[in-house]
Ligand code: ASP
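In the working numbering, the protein residues as written are -13 to 413.
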């Protein structure tokens, strides 16, 4: 049986097992059992893929730059990718706002009974986020003053920055650079093989993560935030089908079913981990193995995308803004819509690819429509306990967007092996 199918089965069985435990044994007993017996397997899988992030990005990116041979090409590739990220994110946030206006997820919601421990934990996290500094500092941080430190702390943008420079150095060194260039290329090949080995555990890892999420969280989100969940799932699904579908089918003229089948592993891992950073090695592996995207593109565009391209998060931030406005009774003027769209897009770029990062940034978006800070914290704390199920969908959307853009860039640059992409799937 193909891996993607096994992973999807793991996902479905995990969800069923988790819900069965929760509603069969009750939340407390179910949580206790899964925390002790199931979660460690999920954690082991997440650690296994996170183990790959640094060596995989570094080696494949350096190898990609040297294979490309011309550093200028890297510039045009990065520029086109960033342009496409902006356009797709703009669609995403507009769609989120349109759906939120129609479905009205916040109408009649009473968030005043939110529990104090949630509020405290949100306030603590917000304080930490505020310490992260302003936009100039964030941009400066992309240049690593110590590349080893960036590697040691999995700081993706500085790693990309250094790897590109190192690749350029290898090219400039000519004959003398060849040995290290070849060594890194062979390390990159080895790392891609390690990724395949790790992925063979994915069905079990995804099963364990889904069992844990469903047993501990259940479907509480549907009792408390039904309309918000509906709006988010609908908007993400529409965005995936229409925006990414059009990129693949209409702009690139590629078979859409092959695309979705090719990335299914990455989508399932994104869905169950709720972290685009943790999913990154899987995203890179499916892009090169199943979609035929050359290493040079996969290893540069995907890590960049996992860090700054978050369409699901942008949709969500637009929705949370409307949710708050409707719950509090703030009128959404046209200016408010524009301000929300702008801040939601920027916040989605700044969001880290880790669980619930997007929700914490909602505070900045709520600020622009005039939600007082104390109320904003209450709203975020109200959603927070149920955020995981929402996060899973937006993370899956984020990762799908990264692969759609990477496919487009690869095709534009002549770096897409269409034979691999179109290969008939031996089901
Ligand atoms: N968890 C999301 C991601 O990793 C970010 C978010 O919270 O929206 O892509």
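Just so you know, even glycine gets a beta-carbon here, dropped at the ideal spot from N, CA and C.
Because the structure is a prediction, the values reported are computed rather than measured.
For residue j and residue i, the rounded distance between their alpha carbons
{"i": "residue -9", "j": "residue 172", "result": "30 Å"}
{"i": "residue 369", "j": "residue 402", "result": "41 Å"}
{"i": "residue 341", "j": "residue 182", "result": "24 Å"}
{"i": "residue 314", "j": "residue 308", "result": "10 Å"}
{"i": "residue 208", "j": "residue 378", "result": "14 Å"}
{"i": "residue 13", "j": "residue 109", "result": "27 Å"}
{"i": "residue 178", "j": "residue 35", "result": "12 Å"}
{"i": "residue 225", "j": "residue 252", "result": "17 Å"}
{"i": "residue 220", "j": "residue 305", "result": "12 Å"}
{"i": "residue 319", "j": "residue 298", "result": "24 Å"}
{"i": "residue 62", "j": "residue 180", "result": "30 Å"}
{"i": "residue 371", "j": "residue -12", "result": "35 Å"}
{"i": "residue 68", "j": "residue 293", "result": "11 Å"}
{"i": "residue 260", "j": "residue 162", "result": "44 Å"}
{"i": "residue 91", "j": "residue 192", "result": "30 Å"}
{"i": "residue 160", "j": "residue 168", "result": "12 Å"}
{"i": "residue 85", "j": "residue 217", "result": "6 Å"}
{"i": "residue 147", "j": "residue 245", "result": "29 Å"}
{"i": "residue 352", "j": "residue 82", "result": "15 Å"}
{"i": "residue 189", "j": "residue -3", "result": "7 Å"}
{"i": "residue 0", "j": "residue 198", "result": "8 Å"}
{"i": "residue 47", "j": "residue 233", "result": "25 Å"}
{"i": "residue 271", "j": "residue 279", "result": "10 Å"}
{"i": "residue 211", "j": "residue 98", "result": "14 Å"}
{"i": "residue 373", "j": "residue 53", "result": "42 Å"}
{"i": "residue 114", "j": "residue 33", "result": "24 Å"}
{"i": "residue 359", "j": "residue 112", "result": "11 Å"}
{"i": "residue 40", "j": "residue 164", "result": "22 Å"}
{"i": "residue 203", "j": "residue 3", "result": "13 Å"}
{"i": "residue 151", "j": "residue 276", "result": "29 Å"}
{"i": "residue 394", "j": "residue 129", "result": "27 Å"}
{"i": "residue 96", "j": "residue 213", "result": "13 Å"}
{"i": "residue 355", "j": "residue 316", "result": "8 Å"}
{"i": "residue 65", "j": "residue 392", "result": "12 Å"}
{"i": "residue 50", "j": "residue 268", "result": "17 Å"}
Residue i burial status per 10 Å Cβ neighbour count (16 or more: buried)
{"i": "residue 412", "result": "Caution is warranted here: a pLDDT of 47 is assigned to residue 412, below 50, making its placement in the model unreliable, and the coordinate value is therefore given only provisionally. Exposed."}
{"i": "residue 228", "result": "exposed"}
{"i": "residue 123", "result": "exposed"}
{"i": "residue 301", "result": "buried"}
{"i": "residue 43", "result": "buried"}
{"i": "residue 140", "result": "exposed"}
{"i": "residue 414", "result": "There is simply no residue 414 to check, as the chain begins at -13 and stops at 413 in what is shown."}
{"i": "residue 26", "result": "exposed"}
{"i": "residue 312", "result": "buried"}
{"i": "residue 158", "result": "exposed"}
{"i": "residue 405", "result": "exposed"}
{"i": "residue 22", "result": "exposed"}
{"i": "residue 132", "result": "exposed"}
{"i": "residue 37", "result": "exposed"}
{"i": "residue 321", "result": "exposed"}
{"i": "residue 102", "result": "exposed"}
{"i": "residue 56", "result": "exposed"}
{"i": "residue 239", "result": "exposed"}
{"i": "residue 121", "result": "exposed"}
{"i": "residue 334", "result": "buried"}
Residue i at chain B interface by Cβ criterion, 9 Å
{"i": "residue 265", "result": "No chain B is part of this structure, which consists of one protein chain only."}
Run of the alpha helix (DSSP H) containing residue i, from where it starts to where it stops
{"i": "residue 75", "result": "57 to 89"}
{"i": "residue 253", "result": "242 to 259"}
{"i": "residue 172", "result": "164 to 185"}
{"i": "residue 215", "result": "212 to 224"}
{"i": "residue 418", "result": "Outside the displayed range of the chain (-13 to 413) lies residue 418, so it cannot be described from this structure."}
{"i": "residue 14", "result": "13 to 23"}
{"i": "residue 155", "result": "142 to 158"}
{"i": "residue 416", "result": "The structure shown does not extend to residue 416, since the chain spans only -13 to 413, so no value can be given for it."}
{"i": "residue 357", "result": "No alpha helix (DSSP H) contains residue 357, which DSSP labels as neither H nor E."}
{"i": "residue 197", "result": "188 to 203"}
{"i": "residue 227", "result": "Unbroken run through residue 227: none, as it is neither H nor E."}
{"i": "residue 333", "result": "320 to 336"}
{"i": "residue 95", "result": "Taken as a continuous stretch (DSSP letters only), residue 95 belongs to no alpha helix (DSSP H), as it is neither H nor E."}
{"i": "residue 371", "result": "Premise fails: residue 371 is in no alpha helix (DSSP H) and is neither H nor E."}
{"i": "residue 135", "result": "133 to 138"}
One or two residues paired with residue i in a DSSP bridge
{"i": "residue 402", "result": "279"}
Distance cut-off 8 Å: residue i Cβ against heavy atoms of the ligand NAP
{"i": "residue 108", "result": "Absence of the ligand NAP is noted for the structure shown, with the ligand ASP being the only ligands found."}
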